[in-house]
Amino acid sequence: MGYNVSANNMREAEVKILDIKRGEVESKLRSLGAKKVFDGEIHALYYDDAAGSVGKRKGALRLRREGKKAVLTYKGHVGDLGAKVREETEVRVSSFDQTRWIIEALGFSVWLEMKKHRTSYSLQNGRFEFDKYGGEYGYIPEFLEIEGPDVGTVHVLAGLLGFSKKDCRPWDAVQLAKHYAPRRRRKGL
């Protein structure tokens, strides 16, 4: 019962690559020696208070269920030049539902809820994640997210798969949804 006291603090750079051919990309990853480290469902809740304090600081407070694991994360904005760069502090919690209750009892409300299927690979000091949203955001095609400790590393990792810097989008989930919103309207969703 309770919280795991170990927290993980790190700086993270990430980009999204759209319009991928997953089979080809996975084949390249495997040929480079990447190891599959996760394949499952993600349920993420993003919180803010009534005054929008978290958003005003360009931060993100997220509770996420990753398979059977629950993680509470605060992401502080660092920059968005060439990649989305955040200072991230994570703590694994014992219960998604109890943590949700605590956050909401403190006056925070969910402003964004997203569910997706994620397949993650690890290679060198980076992660490669294939994400496919479901539910309300199911209109977004599957994409690849590349994460690393800094922008240069992320671009090198993208290059290993044949992607250029201009293929790398420094977007968050909201920007991604806005990009594909016309597709949603065309499909009448």
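Residue numbers (the numbering used here): 205 to 393.
Ideal placement from N, C-alpha and C gives every residue a C-beta, glycine not left out.
Query, Result
"Status (buried if at least 16 other CB within 10 Å, exposed otherwise) for Leu-249", "buried"
"Beta-bridge pairing of Asp-223 - partner residues as DSSP gives them", "Answer by DSSP bridge pairing: none, since Asp-223 is not bridged."
"Beta carbon of Lys-320 nearer than 9 Å to that of Tyr-337", "yes"
"Start-to-end residues for the alpha helix (DSSP H) that takes in Asp-421", "With the chain covering only 205 through 393, there is no way to say anything about residue 421."
"Same chain only: Cβ atoms within 7 Å of Phe-347, ignoring 5 sequence neighbours per side", "Lys-220, Ile-221, Leu-222, Ile-224 and Asp-335"
"Inter-residue spacing [alpha-carbon to alpha-carbon] between Gly-227 and Val-360", "21 Å"
"Test item: CB-CB of Arg-296 and Phe-242 under 9 Å", "no"
"Helix, strand or coil at Tyr-207 according to DSSP, with G and I counted as helix", "With a pLDDT of 40 at Tyr-207, under the threshold of 50, the modelled position of that residue is not reliable, and no figure is offered here."
"Buried/exposed call for Glu-245, threshold 16 Cβ in 10 Å", "exposed"
"Local conformation of Leu-249 per DSSP, three classes", "strand"
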